[in-house]
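Student:
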Amino acid sequence: MKEFRSDISGFYKLTMDERHELLSKLLHLNPEELEILKELGYFTSTQIDTLIENVVGSYQLPFGLAFNFKVNDRDYIIPMVIEEPSVVAAASNAAKMARKHGGFHSEEVKWVFYLNLCLIRLLLDKEH
1 MKEFRSDISG FYKLTMDERH ELLSKLLHLN PEELEILKEL GYFTSTQIDT
51 LIENVVGSYQ LPFGLAFNFK VNDRDYIIPM VIEEPSVVAA ASNAAKMARK
101 HGGFHSEEVK WVFYLNLCLI RLLLDKEH
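Going by UniProt numbering, the sequence shown opens with residue 1, and the numbers climb by one from there.
What follows is the structure in structure tokens.
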């Protein structure tokens with residue numbers, strides 16, 4: 001791959017098509033690679049462009065649930081998005097072991113991170 005500069009100003013101002021064109025030239029993408037990049041999954045380009053800045057594409061990962069979590073005497077089902085096998089099962093198993101001894105206990109030491117969670121309802125029946 002040829003050397004290139006990553007100091008690209010105003011990328012966020014470009015349309016999705018313009019971003020793809022620029023990336024194609026910059027990275028010498030072949031048509032197949034460009035088509036993969038253009039695949040947005042369940043999103044429209046308008047939807048995905050409002051979620052984060054400098055969007056060029058999307059990809060899917062499996063969405064699983066980890067069970068058995070008790071934190072501060074309250075039960076939780078933990079959503080996990082990950083491609084690695086056995087991680088959800090391992091987390092559930094660890095939580096099950098911790099649960100036998102009262103579960104996990106947590107306290108806020110200082111505010112560290114603000115979480116945004118976006119859940120999208122998918123309509124599989126096209127008639128609705």
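Beta carbons are placed, not taken as given, at the ideal position from N, Cα and C, and that holds for glycine. Source: prediction; values computed, not measured.
So, with DSSP's three-state summary, where would you put Cys5?
Tutor: Along the sequence shown, one-based indexing puts residue 5 at 5. Checking the sequence, you will find Arg at residue 5 rather than Cys. It is coil, neither helix nor strand.
Student: Measure the C-alpha to C-alpha separation of Asn68 and Met80 and round it to an integer number of angstroms.
Tutor: What you label residue 68 is simply residue 68 of the sequence shown in a count that begins at 1. What you label residue 80 is simply residue 80 of the sequence shown in a count that begins at 1. Taking the straight line from one Cα to the other gives about 14 Å.
Student: Relative to the C-alpha of Ile82, which candidate in Lys100, Asp73, Leu61, Asp49 has its C-alpha closest?
Tutor: Looking up residue 82 in the sequence shown gives position 82. Taking only the C-alpha atoms, the option nearest Ile82 is Leu61.
Student: What's the gap between the Cα of Trp111 and the Cα of Thr44?
Tutor: For the purposes of this step, residue 111 is taken as the residue at position 111 of the sequence shown. For the purposes of this step, residue 44 is taken as the residue at position 44 of the sequence shown. Looking at the two C-alpha atoms, the distance is approximately 34 Å.
Student: What residues in its chain sit with their C-beta under 6 Å from that of Phe4, if we drop five residues either side in the sequence?
Tutor: Here the question's residue 4 lines up with position 4 in the sequence shown. Only Leu26 meet the Cβ criterion.
Student: Using CA coordinates, which residue listed in Val87, Gly57, Ile52, Arg99 is at the minimum distance from Val71?
Tutor: Stepping through the sequence shown from its first residue, residue 71 is reached at position 71. Considering only alpha carbons, the answer is Arg99.
Student: Checking contacts by CB at 7 Å: is Ala91 closer than that to chain B?
Tutor: Here chain B cannot be found, since the structure has a single protein chain.
Student: Which residues in the same chain have their Cβ closer than 6 Å to the Cβ of Ile78, if we skip the five residues on either side of it in sequence?
Tutor: Taking the sequence shown and counting its residues from 1, the one referred to as residue 78 is at position 78. Excluding positions up to five away in sequence, the list reads Ala66, Phe69.
Student: Just confirm the distance between the C-beta atoms of Val56 and His20, as a whole number of angstroms; I'd bet it's less than 8 Å.
Tutor: Working through the sequence shown from its first residue, we reach residue 56 at position 56. Working through the sequence shown from its first residue, we reach residue 20 at position 20. That belief holds up - the Cβ atoms of Val56 and His20 are roughly 7 Å apart, short of 8 Å.
Student: Just the Cα atoms here: how many angstroms apart are Phe63 and Val87?
Tutor: By 1-based counting over the sequence shown, the position of residue 63 is 63. By 1-based counting over the sequence shown, the position of residue 87 is 87. Between Phe63 and Val87, the C-alpha separation is close to 12 Å.
Student: What are the complete alpha helix (DSSP H) segments, minimum 4 residues, inside the region 57–120?
Tutor: Entirely contained in the region 57–120, the alpha helix (DSSP H) runs reaching 4 residues are, in chain order, 87–99.
Student: Unbroken beta strand (DSSP E) runs of length 3 or more, entirely within the region 2–56: which are they?
Tutor: DSSP runs (the beta strand (DSSP E)) wholly in the region 2–56: none.
Student: Keeping to the same chain, check which residues put their C-beta closer than 7 Å to that of Leu40; ignore five residues upstream and five downstream.
Tutor: On the sequence shown, residue 40 is found 40 positions in, with the first residue counted as 1. If we look at Leu40 and ignore the five residues flanking it on each side, its Cβ neighbours are Ile48, Gly57, Ser58.
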